[in-house]
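Undergrad: For the record, the sequence lines run as chains R and V.
Residue numbers for the first sequence follow our numbering, so the first one is 2 and each next one is one higher.
Residue numbers for the second sequence follow our numbering, so the first one is 571 and each next one is one higher.
A single structure is presented below for examination.
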Amino acid sequence: MSFLRNIRVGFYLAVRQVRRANLWTNILIIFIMLLTFLNLVLVTGFLVGIVTGISDQYRNQQTGDIILRSLDTKNYIQNSPEVISFLHTLPQIKALTARYVTAGTLEANYLTRVGPNEKPNQTGATIEGINPEAENAFSHLARYVHEGRYLTVGDYDRVLLGPQFIHRYSFGDQPGLTPLDNVYPGTKIRLTINGHTREVTVVGILKVPANSSLAARAFMIASEVRQLLGRSDYSVNQIALLLRPGVDPTTFRNFLERSGLGSVAKIQTFEQAMPSGVADVRNTFGVIGNAIGSIGLTVASITIFIVIFINAVTRRKFIGILKGIGISGEAIEISYIFQAFFYAIIGSGIGLAVLYGFLVPYVSAHPISLPVSDAIIVAPVGGTMIRVFLLALAAVIAGYIPARMIVRKNTLDSILGRA
Amino acid sequence: MIETRKLEKSFQDGDREAKVLKGIDFVAKDGEFIAVIGRSGAGKSTFLYQLSLLDEPTAGEILIDGRSTKDFSQKEGIYFRLREFGYVFQDYALLPDLTACENVSLPLIMQGMGKKEARERALHELGRMNVGHHADNLPAHLSGGEQQRVSIARAIVNRPKILFADEPTANLDRESSETVLNIFQELHESGQTIVMVTHEEEYARYAERIITIDDGKIVSDTRV
Numbered sequence: 002m003s004f005l006r007n008i009r010v011g012f013y014l015a016v017r018q019v020r021r022a023n024l025w026t027n028i029l030i031i032f033i034m035l036l037t038f039l040n041l042v043l044v045t046g047f048l049v050g051i052v053t054g055i056s057d058q059y060r061n062q063q064t065g066d067i068i069l070r071s072l073d074t075k076n077y078i079q080n081s082p083e084v085i086s087f088l089h090t091l092p093q094i095k096a097l098t099a100r101y102v103t104a105g106t107l108e109a110n111y112l113t114r115v116g117p118n119e120k121p122n123q124t125g126a127t128i129e130g131i132n133p134e135a136e137n138a139f140s141h142l143a144r145y146v147h148e149g150r151y152l153t154v155g156d157y158d159r160v161l162l163g164p165q166f167i168h169r170y171s172f173g174d175q176p177g178l179t180p181l182d183n184v185y186p187g188t189k190i191r192l193t194i195n196g197h198t199r200e201v202t203v204v205g206i207l208k209v210p211a212n213s214s215l216a217a218r219a220f221m222i223a224s225e226v227r228q229l230l231g232r233s234d235y236s237v238n239q240i241a242l243l244l245r246p247g248v249d250p251t252t253f254r255n256f257l258e259r260s261g262l263g264s265v266a267k268i269q270t271f272e273q274a275m276p277s278g279v280a281d282v283r284n285t286f287g288v289i290g291n292a293i294g295s296i297g298l299t300v301a302s303i304t305i306f307i308v309i310f311i312n313a314v315t316r317r318k319f320i321g322i323l324k325g326i327g328i329s330g331e332a333i334e335i336s337y338i339f340q341a342f343f344y345a346i347i348g349s350g351i352g353l354a355v356l357y358g359f360l361v362p363y364v365s366a367h368p369i370s371l372p373v374s375d376a377i378i379v380a381p382v383g384g385t386m387i388r389v390f391l392l393a394l395a396a397v398i399a400g401y402i403p404a405r406m407i408v409r410k411n412t413l414d415s416i417l418g419r420a
Numbered sequence: 571m572i573e574t575r576k577l578e579k580s581f582q583d584g585d586r587e588a589k590v591l592k593g594i595d596f597v598a599k600d601g602e603f604i605a606v607i608g609r610s611g612a613g614k615s616t617f618l619y620q621l622s623l624l625d626e627p628t629a630g631e632i633l634i635d636g637r638s639t640k641d642f643s644q645k646e647g648i649y650f651r652l653r654e655f656g657y658v659f660q661d662y663a664l665l666p667d668l669t670a671c672e673n674v675s676l677p678l679i680m681q682g683m684g685k686k687e688a689r690e691r692a693l694h695e696l697g698r699m700n701v702g703h704h705a706d707n708l709p710a711h712l713s714g715g716e717q718q719r720v721s722i723a724r725a726i727v728n729r730p731k732i733l734f735a736d737e738p739t740a741n742l743d744r745e746s747s748e749t750v751l752n753i754f755q756e757l758h759e760s761g762q763t764i765v766m767v768t769h770e771e772e773y774a775r776y777a778e779r780i781i782t783i784d785d786g787k788i789v790s791d792t793r794v
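Shown next as structure tokens:
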């Protein structure tokens, strides 16, 4: 009963102290709380968002929700036409694309090469044979064309190149990848697959971040790659699937396995197909974000401590009077706890509105373009609410300690202002 | 009834111990209006602080209705300050963030009274003190005399057994001082026990009994 009464009086005092405190003081404290909250949420959210951007990019451009690849013992997916026909009958699939994937080489500037001793301007490449329309419906590949144009179904002896192959867009030398000089849309280059060399014309050049799976790929129409591979049975190397909203990828993958596709292809969800390093980097960035956020939380706690301490010291006389007229020390301490709590909750509330009302939707719609990927802010509500709780807890502790220090002082000394 | 026996209070001043109260024996019966006077530094305020449980004596004891305060727990001390005692301070000691009405309501809310009922009681007391029209004003917007009347309202709102006043007129002009003392006299006539410290003999005459303290001892105890 007495505890409830202390809470009631503490709340009564806290509301009035905050309401009648200097407006600018209130604004400053709430602003500090807001920045601390955003620091707690955004640093982690942004760091995780970079990795999520990378993995989302991989999903959108390469694997989709489910990807079927050739078995480790085969070079292609057996009975691909039947598999594709079967997949087309499944209502859970929104879009699919089948790809011939092979290694090859690209060579430019061979006409201006002076002699056999001069090193050819040549690079290794992953060549993908695609149906341009199906691929664009799947990955919006045409969206990334920066120079020239996208492939069309009848583009024989035409190639679309990733930026890593082009000297002016290249992200630097990589093993086996030597950027080509003076290559523009319309430039003829030599393409070699499976020992067959063909002179092809560059129709377009993509622009994607370095980490994109599209960066070091060359695209041609499927029929031409099939011909160069000498694959007469139409068996492809990859089939990527986009599922309709609400379809669980793991459940659907299991369904495909049960349907017998597991015997002709390796079936993986996006999570399974994602390079393992990406998940590790995401977790690492999360830890770094939490570490930085913890520093922010500590700074905020110290700030609240100082603010409440100064407040309590300057009001020491009034704390003495409160005790003098019979207000319990607990009620006075609780009033300071409430004050710190109010500031933390108001700051966090504004922070939540800014975060979910503006920052997250805006950055999702307009990802921040970074050299490694397009970054978004990952701020799951559960994690954010934990941070609100942590901030409120830190504020309450930081408010309680100085209040207790002052309340414990001798009542009469406080009233008379004696040391 | 409140009583002191051999009450002593000392303060440490470096290596030296300064004895401010030197064995005071005193009795205040219910309903008495007592003025404590003395020159500056005589120990009269220190005496009031011990008597009103705002401070603890170094030696001797205080008895309230026959019970020694030495036996009081910390909670009982708070209980007495909240329910049995009322305080009027020299500088009014109102809480600056609370309106006049909220200042007066606070002890009642601490006792567990509902906010609405506490406000009604507070408004009643403020009306008695003739400052009801300032109920929703902050102390900073009141004159010294008005603040002291609010302070008296706060002190008596919980119907205390004893009202302690420490130099209640020290910061007031003559007119306001007389108003405050007239209020004290009215309260006394209605049966309120009052112990008032003042350094002005003229104002001490409002009381029915005057105690003079000098050098930490009671040197005279006279009825007016």
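Just so it is clear, CB atoms sit at the ideal spot from N, CA and C, and this is done for glycine as well.
Just so you know, these numbers come straight off a predicted model, no measurement behind them.
#1: Checking contacts by CB at 8 Å: is Arg651/V closer than that to chain R?
#2: By Cβ distance, which residues of its chain are closer than 6 Å to Ile632/V, with the 5 residues on each side in sequence left out?
#3: On the three-state DSSP scale, how would you describe Arg159/R?
#4: Quick one: measure Cβ to Cβ for Thr103/R and Thr193/R, integer angstroms, because I've assumed they're closer than 8 Å.
#5: What span of residues does the beta strand (DSSP E) with Asn122/R cover, start to end?
#6: What are the boundary residues of the beta strand (DSSP E) that Ala104/R is part of?
#7: I want to know whether the region 291-301 of chain R touches the region 32-51 of chain R - three or more CB-CB distances under 8 Å.
#8: For a contact meaning CB atoms closer than 8 Å, what does Thr252/R contact in chain V?
#9: Considering only residues of the region 18-74 of chain R, which uninterrupted alpha helix (DSSP H) runs meet the minimum length of 4 residues and lie entirely inside it, listed in chain order?
#10: Sort Arg388/R, Gly116/R and Gln79/R by Cα distance to Ser71/R and report the nearest one.
#11: Where does the unbroken alpha helix (DSSP H) through Met766/V begin, and where does it stop?
#12: Ordered along the chain, which non-local residues of its own chain (more than five positions away) have a Cβ less than 7 Å from that of Val382/R?
#13: Would the beta-carbon of Val590/V fall within 8 Å of that of Gly786/V?
#14: Could you list which residues in chain R have their beta carbon closer than 7 Å to that of Tyr776/V, in chain order?
#15: Taking the continuous alpha helix (DSSP H) assigned at Asp414/R, which residues delimit it?
#16: Does Phe581/V come out as helix, strand or coil in the three-state DSSP assignment?
#17: Quick one: Cα of Asp641/V to Cα of Asp600/V, how far?
#18: Taking C-beta pairs closer than 7 Å, name the residues in chain V that Thr412/R reaches, listed in chain order.
#19: Looking at the structure shown, is Glu587/V part of a helix, part of a strand, or coil, going by DSSP?
#20: Less than 8 Å between CB atoms is the rule here; does Val10/R satisfy it with respect to chain V?
#21: Could you give the DSSP three-state label for Thr270/R: helix, strand or coil?
#22: Is there a Cβ from chain R that is less than 8 Å from the Cβ of Gly593/V?
#23: Check the Cβ of Arg317/R against every Cβ in chain V and list those closer than 8 Å, keeping chain order.
#24: When the Cα atoms are used, what is the spatial distance from Leu693/V to Lys685/V?
#25: Whose C-alpha, out of Asn118/R, Ala313/R and Gly321/R, is nearest the C-alpha of Ala22/R?
#26: Taking 8 Å as the limit between beta carbons, can you name the residues of its chain near Ile94/R, skipping five residues before and five after?
#27: Looking at the secondary structure, which residues open and close the beta strand (DSSP E) in which Val203/R lies?
#28: Quick one: what's got a C-beta closer than 6 Å to Ala725/V's C-beta in the same chain, skipping five residues either side?
#29: For Val701/V, which of helix, strand or coil comes out of DSSP?
#30: Please report the Cβ distance between Gly216/R and Gly149/R, rounded to the nearest whole angstrom; I am assuming they are in contact, meaning their Cβ atoms lie under 8 Å.
#31: Quick check on Leu39/R: buried or exposed, where buried means 16 or more other Cβ atoms within 10 Å of its Cβ?
#32: Under the three-state reduction of DSSP, which class applies to Arg744/V: helix, strand or coil?
#33: Which residues in chain V have a C-beta closer than 7 Å to the C-beta of Tyr13/R? List them in chain order.
#34: Just checking my contact of Thr140/R with Asn61/R at CB under 8 Å: how many whole Å lie between their CB atoms?
#35: Is it buried or exposed, Gln63/R, if we count other Cβ atoms within 10 angstroms and call 16 or more buried?
#36: With Val720/V and Asn673/V assumed to form a contact (beta carbons below 8 Å), what rounded beta-carbon distance in angstroms separates them?
TA: According to the structure data:
#1: Taking the second sequence and counting its residues from 1, one reaches residue 651/V at position 81. So, interface residue.
#2: If you number the second sequence from 1, residue 632/V lands on position 62. Thr574 and Thr639, listed in sequence order.
#3: Counting from 1 along the first sequence, the entry for residue 159/R is found at position 158. Note: Arg159/R maps to strand in three-state DSSP.
#4: Position 102 of the first sequence, counted from the first residue, corresponds to residue 103/R. Position 192 of the first sequence, counted from the first residue, corresponds to residue 193/R. That belief does not hold up - the Cβ atoms of Thr103/R and Thr193/R are roughly 11 Å apart, past 8 Å.
#5: Locating residue 122/R in the first sequence gives position 121, counting from the first residue. Residues Asn122 to Ile131.
#6: Walking along the first sequence from the start, residue 104/R turns up at place 103. Here the beta strand (DSSP E) through Ala104/R covers Ile94 to Ala109.
#7: yes
#8: To locate residue 252/R, count along the first sequence from 1; it is residue 251. Correct list: empty, because the minimum Cβ distance to chain V is about 58 Å.
#9: Every alpha helix (DSSP H) of 4 residues or more that sits fully in the region 18-74 of chain R is shown, in chain order, as 24-59.
#10: The residue labelled residue 71/R in the question sits at position 70 within the first sequence. Considering only alpha carbons, the answer is Gln79/R.
#11: Taking the second sequence and counting its residues from 1, one reaches residue 766/V at position 196. Note, Met766/V: premise wrong, no alpha helix (DSSP H); beta strand (DSSP E) at Thr763 to Val767.
#12: Looking up residue 382/R in the first sequence gives position 381. If the five residues before and after Val382/R are omitted, its C-beta is found closer than 7 Å to no C-beta atom of its own chain.
#13: Residue 590/V sits at position 20 when you count from the first residue of the second sequence. Residue 786/V sits at position 216 when you count from the first residue of the second sequence. In this structure, Gly786/V lies closer than 8 Å to Val590/V by Cβ.
#14: Here the question's residue 776/V lines up with position 206 in the second sequence. Here the premise fails: no neighbours, minimum Cβ distance about 24 Å.
#15: In the first sequence, residue 414/R corresponds to position 413, counting from 1. Residues Thr412 to Leu417.
#16: Residue numbering aside, residue 581/V sits at position 11 when the second sequence is read from its first letter. In this structure, Phe581/V counts as strand in the three-state DSSP scheme.
#17: By one-based count along the second sequence, residue 641/V stands at place 71. By one-based count along the second sequence, residue 600/V stands at place 30. Spanning the two alpha carbons is a distance of roughly 22 Å.
#18: Translated into the one-based positions of the first sequence, residue 412/R becomes position 411. Chain V residues near Thr412/R: Leu624.
#19: As a position in the second sequence, residue 587/V is number 17, starting the count at 1. Looking at Glu587/V - three-state DSSP - the assignment turns out to be strand.
#20: For the purposes of this step, residue 10/R is taken as the residue at position 9 of the first sequence. With 8 Å as the cut-off, Val10/R counts as an interface residue toward chain V.
#21: Position 269 of the first sequence, counting from 1, holds the residue named residue 270/R. Here Thr270/R sits in strand by DSSP.
#22: As a first step, residue 593/V must be located in the second sequence, where it is residue number 23. No, Gly593/V does not count as interfacial toward chain R.
#23: Position 316 of the first sequence holds residue 317/R. Under the 8 Å cutoff, chain V gives no residues; its nearest Cβ is about 13 Å from Arg317/R.
#24: As a working note, residue 693/V is residue 123 in the second sequence. As a working note, residue 685/V is residue 115 in the second sequence. A straight-line Cα-Cα distance of about 12 Å links Leu693/V and Lys685/V.
#25: One-based indexing of the first sequence puts residue 22/R at position 21. The residue with the shortest Cα to Cα distance from Ala22/R is Ala313/R.
#26: Along the first sequence, read from residue 1 onward, the residue named residue 94/R stands at position 93. Contacts found: Leu88, Leu242, Leu243, Leu244 and Arg245.
#27: Within the first sequence, numbered from 1, the residue matching residue 203/R stands at position 202. His197 to Leu207 is the span of the beta strand (DSSP E), which, as asked, contains Val203/R.
#28: For the purposes of this step, residue 725/V is identified with residue 155 of the second sequence, where counting begins at 1. Within its own chain, the residues whose Cβ lies closer than 6 Å to the Cβ of Ala725/V, once the five positions on either side in sequence are excluded, are Gly656, Tyr657, Val658 and Leu733, listed in chain order.
#29: Counted from its first residue, the second sequence places residue 701/V at position 131. Three-state DSSP puts Val701/V in coil, outside helix and strand.
#30: Mapped onto the first sequence, residue 216/R falls at position 215. Mapped onto the first sequence, residue 149/R falls at position 148. In the sequence as displayed, the identity of residue 216/R is Ala instead of Gly. Between Gly149/R and Ala216/R the Cβ distance is about 17 Å, and since that is not below 8 Å, they are no contact.
#31: The sequence position of residue 39/R within the first sequence is 38, counting from 1. Leu39/R is buried by the Cβ-count criterion.
#32: Position 174 of the second sequence holds residue 744/V. Three-state DSSP puts Arg744/V in a helix.
#33: Working through the first sequence from its first residue, we reach residue 13/R at position 12. By Cβ distance, chain V contributes Ile679.
#34: Here the question's residue 140/R lines up with position 139 in the first sequence. Here the question's residue 61/R lines up with position 60 in the first sequence. Reading the sequence as shown, one finds Ser at residue 140/R and not Thr. Ser140/R to Asn61/R, Cβ: 6 Å. Contact.
#35: Taking the first residue of the first sequence as 1, we reach residue 63/R at position 62. Burial call: buried.
#36: The residue given as residue 720/V occupies position 150 in the second sequence. The residue given as residue 673/V occupies position 103 in the second sequence. Sure, about 6 Å apart at Cβ, within 8 Å.
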